[in-house]
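The next block holds one structure in the form of structure tokens; read it before the comments.
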Amino acid sequence: MPELPEVETVRRGLAELLPRRTAKDVQVFDSPKSFPNAPRDVEQFLYGAEVVAVRRRAKVLIIDLDTSYSLVAHLKMTGQLVFRGETHFGAGHPNDSLVGQLPDRSTRLQINFEDGARLFFNDQRKFGWVKLLPTSEVENLPFFKKVGPEPLEEETKPEHFIERIRRRNGSMVKPAILDQSVVAGIGNIYADEALWAAKIHPEIRVRDLADEQLETIFIEAVKVMALSIEKGGSTDRNYVDAEGKRGSYLEFAHVFRREGKACHVHPDQEIVKIRVAGRGTHICPVCQTAP
DNA sequence: CACTTGACCTGTCCGC
DNA sequence: TGCGGACAGGTCAAGT
């Protein structure tokens with residue numbers, strides 16, 4: 001579910017809500033992949049720890065504590081991190097939340113703070129996880145060892161993307177841009193949106209694309225993800241932000257979940273859904289001509 | 001090494 | 001209304 005824009009939206013919310021709060025305890029409901037490598041008594045390492053910052057790298061959230069430990073979370077397909085408690089901009093935000101009373105049956109973890117605030121990790125499919133790691137070891141996670149640069153950072157240029165995606169010259173272009181070692185954070189929604197905007201068919205091999213076409217894909221991916229962050233991300237079914245609210249990017253999408261609807265460039269052409277490398281894929285067959 | 005496929009889970013939707 | 005099967009936004013392990 002959550003891709004870079006969704007995780008970044010959650011990060012921005014948590015960055016407003018969590019710092020300076022002190023953790024008290026944690027309840028683990030049912031989260032088999034969480035705390036696999038944590039110290040034996042997680043609570044002992046969480047009790048009295050104050051949140052100092054909330055960071056993001058790729059699709060991973062990092063909540064830094066003042067104890068030299070960090071809570072590290074991956075939401076995978078259906079994870080949510082939802083905050084409940086009094087805020088400096090007032091209570092009442094939870095009233096327009098998409099999620100109801102918490103905990104609910106998808107709640108896997110609940111972190112309680114000394115001031116009564118609570119942070120819920122909900123995850124219908126249990127693919128996601130939360131780890132507690134020494135902050136200095138976060139960057140040593142295997143995933144971080146191979147992940148590519150952040151596409152929305154100024155210093156990440158199209159040529160960095162081109163150099164990395166060329167390592168996958170034999171692959172079709174869609175699975176190549178979903179590869180997190182090329183650039184971080186692109187998932188199924190923004191892959192389809194970027195390829196439509198770049199007028200590139202997802203099944204074309206990377207080797208059959210000119211550098212200029214690859215550059216266009218990168219620029220369009222950055223544009224759609226930046227717009228999505230402005231819109232609070234894409235809510236299809238599960239995704240909500242740190243206050244439990246949905247994002248509105250899909251109202252602006254050109255192809256994702258628009259099968260059977262008119263292409264915004266060719267009104268007589270319907271968006272078609274196909275399967276590419278095992279993933280549902282949305283294209284305009286006129287904008288994006290097959291290889 | 002590069003590429004593809006299946007597995008991890010639960011819930012929902014669609015056709016019979 | 002019930003039931004089986006396909007499918008869902010992400011990664012990883014194992015296969016070729």
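Numbering-wise, the first sequence is residues 1 to 291 according to this note's numbering. Heads up, the beta-carbon is just placed ideally off N, CA and C, and yes, glycines get one too. These numbers were taken from a predicted model, which means no experiment stands behind them.
Option nearest residue i by Cα separation, candidates the options
i: valine 276; options: Thr87, Gln110 and Ala176; result: Ala176
i: alanine 23; options: Arg11, Val42, Gly244 and Ile189; result: Val42
i: valine 173; options: Asp115, Leu61, Ala15 and Gln288; result: Gln288
i: glycine 148; options: Gln213, Arg167 and Leu119; result: Arg167
i: proline 39; options: Asp30, Val54 and Pro134; result: Pro134
i: asparagine 169; options: Leu152, Lys145, Asp208 and Thr156; result: Asp208
i: glutamate 212; options: Glu230, Gly13, Pro158 and Arg279; result: Pro158
i: phenylalanine 45; options: Glu259, Ile111, Gly85 and Glu3; result: Ile111
i: arginine 258; options: Gly247, Glu243, Thr281 and Thr107; result: Thr281
i: proline 19; options: Val26, Thr87, Glu6 and Pro2; result: Thr87
i: valine 224; options: Leu178, Leu17, Met77 and Tyr249; result: Tyr249
i: glutamate 3; options: Ser228, Gly260, Ile283 and Pro291; result: Ser228
i: leucine 75; options: Arg57, Asp66 and Arg84; result: Arg57
i: arginine 84; options: Met77, Glu114 and Asp66; result: Glu114
i: proline 202; options: Ser181, Gly247 and Lys273; result: Lys273
i: glutamate 153; options: Val222, Glu50 and Lys261; result: Val222
Local Cβ density within 10 Å of residue i, reported as buried at 16 or more and exposed below that
i: asparagine 238; result: buried
i: lysine 245; result: buried
i: valine 265; result: exposed
i: proline 5; result: buried
i: proline 142; result: exposed
i: phenylalanine 218; result: buried
i: proline 291; result: exposed
i: phenylalanine 161; result: buried
Boundaries of the beta strand (DSSP E) in which residue i is found, first to last residue
i: glutamine 269; result: No beta strand (DSSP E) contains glutamine 269, which DSSP labels as neither H nor E.
i: isoleucine 111; result: 107-113
i: lysine 131; result: 129-134
i: aspartate 25; result: 23-28
i: serine 70; result: 69-74
i: asparagine 122; result: 118-123
i: alanine 53; result: 51-57
Cβ-Cβ separation, residue j to residue i (assumed contact under 8 Å), whole Å
i: phenylalanine 303; j: lysine 145; result: The requested residue 303 does not occur in the structure, where the chain is confined to residues 1 to 291.
i: aspartate 192; j: threonine 9; result: About 19 Å; that fails the 8 Å criterion.
i: glutamate 150; j: threonine 156; result: 6 Å
i: leucine 14; j: valine 52; result: The pair is not a contact, with the Cβ atoms about 12 Å apart (cut-off 8 Å).
Terminal residues of the alpha helix (DSSP H) in which residue i lies
i: histidine 160; result: 158-165
i: glycine 13; result: 4-17
i: glutamine 44; result: 42-46
Report yes or no: do three or more beta-carbon pairs, one from the segment 129-143 and one from the segment 62-71, lie closer than 8 Å? yes
Sufficient close CB pairs (3 or more, under 8 Å) joining the segment 180-187 to the segment 112-124: Not touching, per the Cβ criterion.
Counting pairs of beta carbons, one from the segment 94-108 and one from the segment 56-64, are three or more of them closer than 8 Å? no
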